[in-house]
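Note that my numbering has the sequence shown beginning at 33, numbered continuously upward.
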Amino acid sequence: MLLKNFLLTGFFNKGIDISPHSLHKGCFTLPNREIENRGLTCPQPVLNTKKALEELSRQGIEDYVLTAIVDNDAAKENVAHFAAFAGL
């Protein structure tokens, strides 16, 4: 089964992760990649996310957890739109 998960994490509310998490901890381990986008304005968070996906693809990694960390609503929306467009 091919599993690709994209987690969009927003650090609002004093650093609390408000994103839904679709994986159950402890069930299995997937390669994890965090993309630090705090303080960046668009389009940089989207470009960083795209670059990370391309690197995972080049490395032949098909199953992964990719976390894009953003700290503003515009970046959160744009990265989420990109993820939907990319089929994640």
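Ideal Cβ placement from N, Cα and C applies to all residues, glycine included.
Under the three-state reduction of DSSP, THR81 is assigned to helix. Apart from sequence neighbours up to five positions away, the residues of its chain that approach ASN64 with a beta-carbon distance below 6 Å are VAL97, ordered along the chain. The alpha-carbon of ARG90 is positioned some 18 Å away from that of GLY119. In the structure shown, the three-state DSSP call for LEU88 is helix.
Here LYS108 is buried: its Cβ has 16 or more other Cβ atoms, across all protein chains shown, within 10 Å.
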